[in-house]
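J.:
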Amino acid sequence: MADVGVSGSRRGWQIGKAGKGLVGALFLVAFWEMLWLSGVVDPRDLPSVFAILRSFVMQITNGALVLAALQTLFSWAIGMAVAMVLGTALGILLALVPWLERASRPTLEFLRPIPSVALIPVALMALGIGVAMQVSLITFASIWPILFAARQGVEAIDPRYFDVGRVWGLGQAGRILRIVLPAALPSIATGTRIAASVALALSITVELLTGRPGLGAVLQAARLSGQTADMWAVVFCAGIMGQGINMVFLRIERALFPWSGEHLA
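Positions in the sequence shown are counted from 1; adding 210 to them yields my numbering.
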């Protein structure tokens with residue numbers, strides 16, 4: 211009975227949260243329409259919500275947005291996969307080898323604040339305008355949240371776990387597989403979710419600035435041709451993709467790591 215009560219309470223909380231989100235979305239739509247009707251912003255630059263939705267449906271129906279979204283997701287997925295592997299490995303390594311962390315700290319603190327967009331001209335000269343250039347930039351932008359989350363997760367492990375591992379005769383590889391990874395995975399998952407949004411934003415930005423196929427290129431083409439409704443429809447599509455990616459990663463986190471402090475509330 212207690213489980214039923216808890217389940218019902220949680221379901222009610224989720225419904226209430228969804229209701230608040232719907233109210234917020236309706237308020238945004240109403241505010242947008244008021245701006246459009248008032249003429250404060252030129253209607254040519256700010257079309258009505260209904261015009262944007264009509265353009266969105268048309269571009270989905272004719273396949274243009276679907277193809278562009280898949281092209282963007284292709285580069286995003288490769289960049290995220292590389293960032294996850296490198297970020298997790300480097301984060302764990304830096305946490306387990308203090309002298310290496312101290313030696314690499316100035317380099318990391320120098321590289322981390324560099325805007326990935328500022329590296330686009332360098333990447334174009336070094337790698338050309340192909341997939342490798344886009345994936346490299348996505349990896350550079352998204353590796354930092356994963357790397358620092360992995361390091362933080364390892365550093366938060368109770369030292370007594372390592373003492374137990376030594377008692378049981380675990381070697382370095384055994385301690386990493388049996389102790390480090392299981393304990394640090396919730397933190398790594400959170401860093402990966404944050405990195406996923408960063409990677410999507412940079413993937414679209416690279417397409418926007420370089421003409422690489424994807425949502426960014428479609429957005430730029432609509433802007434240059436003066437099709438503002440089409441342009442905002444692409445922005446709307448990007449927002450849906452970002453929200454969808456975040457929700458998928460969040461659900462995976464909650465399913466795999468329900469004990470994580472971030473999901474206990």
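All residues carry an ideal CB built from backbone N, CA and C; glycine is no exception.
(1) If you run the structure through DSSP and keep just helix, strand and coil, what is Asn272?
(2) My guess is that Gly289 and Phe358 are in contact by the Cβ rule of under 8 angstroms, so how many angstroms apart are they, rounded?
(3) Any chance you could list the alpha helix (DSSP H) runs of at least 4 consecutive residues sitting entirely within the region 360 to 445, in chain order?
(4) Using the C-alpha atoms, what's the distance from Ala351 back to Trp286?
(5) Can you tell me whether Gly301 is buried or exposed, with buried defined as 16 or more other CB within 10 angstroms of its CB?
(6) Can you list, in chain order, the residues of its chain with a C-beta nearer than 7 angstroms to that of Leu337? Leave out the 5 residues immediately preceding and following it.
(7) In whole angstroms, what is the alpha-carbon distance linking Val364 and Ile455?
(8) To the nearest angstrom, how far is the alpha carbon of Met244 from that of Arg322?
(9) So the alpha helix (DSSP H) Ser314 belongs to, where does it begin and stop?
(10) For the putative contact between Gln430 and Leu418, defined by C-beta atoms under 8 angstroms, what is the C-beta separation to the nearest angstrom?
(11) Return the residue from the list Ala448, Arg464 and Glu319 that minimises the CA-CA distance to Ser397.
(12) What residue range is occupied by the uninterrupted alpha helix (DSSP H) comprising Ile339?
(13) Can you list, in chain order, the residues of its chain with a C-beta nearer than 6 angstroms to that of Ile389? Leave out the 5 residues immediately preceding and following it.
(14) As a quick exercise: from Asn272, Thr282 and Ile324, pick the residue whose alpha carbon is nearest that of Ile353.
(15) Out of Thr415, Ser435 and Gly384, which has the shortest C-alpha to C-alpha gap to Ala328?
(16) One question on the structure: do Arg361 and Ala305 come within less than 8 angstroms of each other, judged by their Cβ atoms?
(17) With DSSP collapsed to three states, give me the class of Ile250.
(18) Find out if the Cβ-Cβ distance for the pair Gly424, Ala278 is shorter than 8 angstroms.
(19) Which residues in the same chain as Val216 place their Cβ atom closer than 8 angstroms to its Cβ, once the five residues preceding and following it in sequence are excluded?
(20) Quick check: the Cα distance between Gln453 and Leu410, rounded to an integer number of angstroms?
(21) Among Arg422, Val445, Ile356 and Ser258, which has the Cα closest to the Cα of Thr298?
(22) From the DSSP output, in three-state form, read off Phe284 for me.
(23) Could you check the C-alpha separation between Glu311 and Ala399 for me, to the nearest Å?
(24) Considering Cα atoms alone, identify which of Val250, Leu256 and Ala291 is closest to Arg433.
T.: By the coordinates alone:
(1) coil
(2) Not really, about 18 angstroms apart at Cβ, beyond 8 angstroms.
(3) 369 to 377, 382 to 385, 391 to 420 and 425 to 434
(4) 11 angstroms
(5) buried
(6) Met343 and Ser346
(7) In a straight line, the C-alpha of Val364 is about 26 angstroms away from that of Ile455.
(8) Each residue's alpha carbon lies about 41 angstroms from the other.
(9) Pro308 to Leu321
(10) 5 angstroms
(11) Arg464
(12) It is not in any alpha helix (DSSP H) - Ile339 carries neither H nor E in the DSSP assignment.
(13) Tyr371 and Gly375
(14) Of the candidates Asn272, Thr282 and Ile324, Ile324 places its Cα closest to the Cα of Ile353.
(15) Among Thr415, Ser435 and Gly384, the Cα nearest to that of Ala328 is on Thr415.
(16) yes
(17) Inspection of the sequence shows that residue 250 is occupied by Val rather than by Ile. Coil at Val250, not helix or strand.
(18) yes
(19) With a pLDDT of 44 at Val216, under the threshold of 50, the predicted position of this residue should be treated as unreliable, though the coordinate-derived value follows. Same-chain partners within the cutoff: there are none.
(20) 11 angstroms
(21) It is Ile356 whose Cα lies nearest to the Cα of Thr298.
(22) Reduced to three states, the DSSP call for Phe284 is helix.
(23) 22 angstroms
(24) Leu256
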